[in-house]
Every structure is written in structure tokens, then in C-alpha cells.
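Student:
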Amino acid sequence: MSIDFALIALAMLGYKVSLVLDYAAKPRPRVMRHLRHFCVHTGLWLMGFAFEMLLFQRPWFALFNLLGLQLLLIIISNMKQRFLREPFFYTDTEYFWDAIKHPRLYLPFFGIANTVLGFAIYGAAAALAFYFESAYSQWPTAVLLFAGAGAVALLLGGSLARAQPSWQPSADIQQMGFTPALWRYAQAERQVLDLHQQAPFAQAWQSPTVLPHLVLLQSESFFDPRRYYADYVQPQVLAQFDQMAAAGQSGVLQVPSWGANTVRTEYAVLSGLEPSLLGVHQFNPYRRLAKHCVPSLAHYLRSIGYKTICVHPYAASFYRRNTAMPLLGFDEFIDIRAFTKDDYFGAYVSDAALGRKVTELVQAHTEQPVFVHVITMENHGPLHWETVSANEAKALMQQPVPKGAEDLLPYVRHIQHTDQLLQQLQQALAASPRPAGLCMFGDHVPIMSGVYQQLGEPDGSTDYLLWRTDSTVDHPQASVSDSLTAAQLGPAFLSFMGFNADSGLTTGQAPKEISASSRQHR
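Sequential numbering of the sequence shown, starting at 1, is according to UniProt numbering.
1. Looking at the unbroken beta strand (DSSP E) that takes in L54, where does it start and where does it end?
2. Considering E332, what are the terminal residues of the beta strand (DSSP E) in which it resides?
3. What does DSSP give as the partner residue(s) for R468 in the beta ladder?
4. Of all the beta strand (DSSP E) runs that stay within the bounds of the region 311 to 350, which reach a length of 3 or more residues?
5. Quickly, what does DSSP pair I375 with across the bridge? List them, please.
6. Drop a sphere of 10 angstroms on the beta-carbon of A247, count the other beta-carbons inside from all chains shown, and report buried for 16 or more, exposed for fewer.
7. Can you list, in chain order, the residues of its chain whose CB lies under 7 Å from that of V263, leaving out five sequence neighbours each side?
8. Suppose only complete runs of 3+ residues qualify. What are the beta strand (DSSP E) ranges in the region 180 to 258, listed by chain order?
9. Could you round the C-beta distance between L73 and F49 to whole angstroms and report it? I think they count as a contact, below 8 Å.
10. Output the boundary residues of the beta strand (DSSP E) element that contains L105.
11. Have a look at G251 and F241 and give me their C-alpha separation to the nearest angstrom.
12. Under the three-state reduction of DSSP, which class applies to H475: helix, strand or coil?
13. Starting from T485, follow the beta strand (DSSP E) in both directions and report where the run begins and ends.
14. Does S495 pass the burial test, meaning 16 or more other C-beta atoms within 10 Å, or should it be called exposed?
15. Taking just the CA atoms, how far does L105 sit from V473?
16. If you drop the 5 nearest sequence neighbours on each side, which residues of the same chain put their C-beta closer than 6 Å to that of Q520?
17. Can you find the residues in the same chain that come closer than 8 Å, C-beta to C-beta, to Q398, ignoring five residues on each side of it along the sequence?
18. So A315 and H102 are in contact, right, with Cβ under 8 Å, and what is the actual spacing, rounded?
19. Out of D331, F330, G329 and N322, which one is the CA nearest neighbour of R337?
20. Quick one: measure Cβ to Cβ for L195 and L273, integer angstroms, because I've assumed they're closer than 8 Å.
21. Specify whether the region 121 to 132 and the region 338 to 345 touch according to this definition: at least 3 beta carbon pairs, one from each stretch, less than 8 Å apart.
22. Going by the beta-carbon positions, is the gap between P200 and P491 smaller than 7 Å?
23. Does DSSP classify A9 as helix, strand or coil?
24. Quick check: the region 16 to 24 against the region 153 to 171, are at least 3 beta-carbon pairs closer than 8 Å?
25. Where does I447 sit, in a helix, a strand or coil, going by DSSP?
Encoded structure:
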């Protein structure tokens, strides 16, 4: 095959198949779309074909390799739509590496058999291609031709400003197409945002005379299932939650994620920023944190004398927390290395072990107030890999669940452990000579597709709890709404603990300590 119409025809055949393949994505892209989106698709196909030719010099293998990658992404996207209510987009590419490092968090939903079969098919196809297809002799010319044409097509596709993504991934795929939407989201990651004017912790707060210990408990996949499955779940599994809610305040929390993507809720709580302000950064805030970082709850508390600690019993690099937590104002980040094999319940560090660690931290800080942000791990799925004994089920449930809804049993067992964690923390904080307060919230609802099909689907909100040891604070307790967004929870916690936002400063006027800290870590 020479650099002639045969090679061009092959590339164009693949391009047409790629256009058709895009319509397999859910939601399905519109047939009639702006020309710029087709230019982007054309440019990406041609650049991809050129890259494959550069790597392998085999035109047919390049075509099938590129189409196979597109099909794989669409399959993953459709599965993500099924489990997490949203399609695949560019920032999700980071999770391919995470799936290799932490397979238990991802492969059960894609299927281990499917993964093995996919790699086997690809390996066989690659071997056959290299055996039966000869290298294309004029591949350098082909690479230059297709790369140049692809670059021209991408230029014709225009800038991100002209594309105007909505940052609603499903709507953007319908409007642009699956492949062009990936490109637009990738372009957007280069944007730097200045959100100090919208950041509640970039303003001054009036603090109580005696600074209380503060614990912010981020509970994995926590929501109160009794709100939806009261006929099945024993009410006493959250007895401690109920007792503390009666003494404090509680309500539902509107969170920006469903089933996964913990850091969206986490960052909203710590930054006080509504996710819609972040544009493309809302989907994985820690991926490009320096491009939109603002003074956080931890920054503010550190500026007034707190020791700020984050505890997460998992790999420090997961979600890039090892770099994100210093940027967010934490003095110390305690990860999985602080725990032993005896601290596990099932596949993850138990809530009980986490409670012991937080108790140690509170007891160790007698002279200095401490802010501990706790991120639990025990309740992380996959729930369908767990078993619950008949005796456990009787203690947890009022009646047997329908066939297909068995995931509710291990879930309720885990939230009962979370309830016991609340008791540990209440006792530790109550024993402290310093006033103390606790804010607990769920990051997202769990993945329990069978439960939702059989018993009904929740609305996606989780639950929060505010509790304190001492009701005699310098300022009257603020009234907190029984329905908050994740971004409202951090300021609500401070208000509940007797901190008052200084109305004399407009939002964005940060105390010098916070501004300096933010600049230092940027």
C-alpha cells in the first residue's frame, strides 16, 4: 500500500465508523450538531490515526486499535451512567491508573471476567496484527499527513469559549457528541479560576473566647436508610445518631455526587464553594487544585491557632490527597500507614479503629485546639462481595429483604458501625476539658442498584449531624437549616459552634494568615 487513496480511504472508513460509534453512548448525541463539533471529532480521529501509525506502522491495526479504544470508553461511560448517573468525561481518565493501583474499588463494577477477557482479546488481536500485517513502508509521510490534517480540523473546531459547555456531562454529550465532549473538557482544565470573592472562609469570623476542639466526620456512603426502608431496617441501628441529633441538630445534605466521587462533596464542605462555580474542576477538584484553590475551613482554623489534621485510612495518593491536603491548610495528613492489619473490618480499616485514632489525637492536644477532618473507609463497596450471617441479619433487619436487595444487609451493618463510631467520638470529646463539637455527614449514597430496583431509589441526598459538648458559648447558637448543600455545611458548623462571620468585611477579604497560607501552597 502506497501513500495513496487506499490509505486515505481506509482512514476515512474508520472515521465514518467512529462517527457512528459515537451514537452508542448514553445519552445519545444529537444527529444535528454544530459543524465545530464534527471538526473536533475529525481532528481527534486523524491525530489518533497518525499516533497509531507512529507507534505501530500498521494501518489496519491502527484503525481497529483506535476504534477499540473509543468503544471501550463508550462501554465504560454507559456503565458509569448506569451506576453513577453520569457519563464518562475527560477528568475520569485519571481513574484508569487508580483502577490498576486499587482494583477493588473499580473492577467489581466492570467485572473481573470482562476485564480479563478484554485484555485477552486485545492481546490476541495485537499478536495477529503484527503477524499478518506488514509495516507500512511510508509511515513517516502518513504520520505527517494525518497529523497535519488533524491539527487543521481541530483549529477549525474553535476555542473552548466558542463551544460553551454547560458542565452538565449528559447534556454536553448530547450537544457535542461523546468524543468532542472529551476534548472540550480537556481544554477546560487549563483554565485558572479566582474564586476568593465567593469563598466563605476568605472572610473574617468572630471566634469564641475558648476555641473548641472540632471534628469533621466524613462518613463513606452514609445516608439514613430508615428514611426510605423503614419497614426493613431496625430503627436502633442508628440509636447514637438519633440521641446526638436530639441534643444537637441534623438534616439532609444535598451532595454533588451519586455513588462515588467522594472528593466533590469533600471539597465543597472544606472550601464552602458551590460546585457549579468550579466549571470542569467540579468533577475532580483535587486533580488541578492549584488552579482554583481558595482559603478553606482548615486554613481559617489554622490561622487562629488550631492544629489541623486530616485522617484517612487509605493510600495517601488516592485522589491526590497527599498533595491536596497541604494545599487545603492541613498541618498533618495521617493515612493507611498509621494502621495495622488488626485494624481492619473486611477489606478496609474499620470505623472502630478510626475512632481510636481520633480519640488519641484529641487526648494528645490539651493545650492547643485541634481540628480533625476524618474520612472513613469501612463502608466502601463493593457491597455485593460481602456476606452477612443469618443472626446478623435478624439483628439488623425487621424482616427479610426481597431477592435482589441483599446489598442492604452489609450496608446496614456498616452504618451500625458508624453509629458506634459516633459513640466513641462523643465520649472522647465529652471527656476533653476543652469544649468540643462534631459535624458528621455522608459524602454520597451507596451503589446498591438491586436495592433501589426492588425497594425504591433515594433522591441522592445524605444526612448530616451537628453536636457539641458545651451549650454555653460566647455567641448564641445559630439556627441551622434542616436542609443544606455540602458547600453550606462548613459555615453552618462554625456558626453552630459559636463562630460568627464578620459582617464588617466583605466576602473575599481574608485575614492575612489565610491569604499567606493559600499563596504559600499554591
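Heads up, the beta-carbon is just placed ideally off N, CA and C, and yes, glycines get one too.
Tutor: Looking at the atomic coordinates:
1. Position 54 of the sequence shown, counted from the start, is the residue given in the question as residue 54. In the DSSP annotation of this structure, L54 is not part of any beta strand (DSSP E); the continuous alpha helix (DSSP H) holding it starts and ends at L35 to F56.
2. For the purposes of this step, residue 332 is taken as residue 332 along the sequence shown, with counting starting at 1. In the DSSP assignment, E332 falls within the unbroken beta strand (DSSP E) covering E332 to I334.
3. To locate residue 468, count along the sequence shown from 1; it is residue 468. Answer is G437.
4. Annotation: the region 311 to 350 contains the following complete segments of the beta strand (DSSP E) (minimum length 3 residues), in chain order: 332 to 334.
5. Position 375 of the sequence shown holds residue 375. Its beta-bridge partners are Q218.
6. To locate residue 247, count along the sequence shown from 1; it is residue 247. Counting every other CB atom within 10 Å of its CB across the protein chains shown gives A247 a total below 16, marking it as exposed.
7. Within the sequence shown, residue 263 is the residue found at index 263, counting from 1. Only residues of its own chain outside the window of five on either side were considered, and among them N284, P285, Y286 and Y319 have a CB closer than 7 Å to the CB of V263, listed in chain order.
8. Counting only runs of 3 or more, we get 213 to 219 and 249 to 254.
9. Mapped onto the sequence shown, residue 73 falls at position 73. Mapped onto the sequence shown, residue 49 falls at position 49. Cβ atoms of L73 and F49 stay farther apart than 8 Å, at about 16 Å.
10. As a first step, residue 105 is located in the sequence shown; it is residue number 105 there, counting from the start. Per DSSP, L105 lies in no beta strand (DSSP E) segment and is marked neither H nor E.
11. Translated into positions along the sequence shown, residue 251 becomes position 251. Translated into positions along the sequence shown, residue 241 becomes position 241. If I take the Cα positions, the gap works out to 12 Å.
12. As a first step, residue 475 is located in the sequence shown; it is residue number 475 there, counting from the start. The predicted model places H475 with a pLDDT of 41, which falls under 50 and marks its position as unreliable; any figure quoted below should be read in that light. Coil at H475, not helix or strand.
13. Sequence index remark: in the sequence shown, residue 485 carries index 485 (1-based). Where T485 is concerned, the enclosing beta strand (DSSP E) stretches over S483 to T485.
14. Indexing the sequence shown from 1 puts residue 495 at position 495. It is buried - the Cβ of S495 has at least 16 other Cβ atoms within 10 Å.
15. In the sequence shown, counting from the first residue as 1, residue 473 sits at position 473. In the sequence shown, counting from the first residue as 1, residue 105 sits at position 105. Residue placement at V473 is flagged as unreliable, the pLDDT there being 49, under the threshold of 50; a coordinate-derived value is accordingly withheld.
16. On the sequence shown, position 520 is the one that residue 520 refers to. At Q520, the pLDDT of 34 sits below 50, so the modelled position is not reliable and the matter cannot be decided from this model.
17. Start at 1 with the first residue of the sequence shown, and residue 398 comes out as number 398. Cβ neighbours of Q398 beyond the five flanking positions: D231, Y232, V233 and Q234.
18. By 1-based counting over the sequence shown, the position of residue 315 is 315. By 1-based counting over the sequence shown, the position of residue 102 is 102. A Cβ-Cβ separation of about 7 Å places A315 in contact with H102 under the 8 Å criterion.
19. Taking the first residue of the sequence shown as 1, we reach residue 337 at position 337. When each option's Cα is compared against that of R337, the closest is N322.
20. If you number the sequence shown from 1, residue 195 lands on position 195. If you number the sequence shown from 1, residue 273 lands on position 273. About 6 Å separates the two Cβ atoms, so the contact holds.
21. Touching, no.
22. Within the sequence shown, numbered from 1, the residue matching residue 200 stands at position 200. Within the sequence shown, numbered from 1, the residue matching residue 491 stands at position 491. For the 7 Å CB-CB criterion, P200 and P491 form a contact.
23. Along the sequence shown, one-based indexing puts residue 9 at 9. If DSSP states are grouped into helix, strand and coil, A9 belongs with the helices.
24. No, the region 153 to 171 is not in contact with the region 16 to 24.
25. Position 447 of the sequence shown, counting from 1, holds the residue named residue 447. Residue state, collapsed to three classes: coil.
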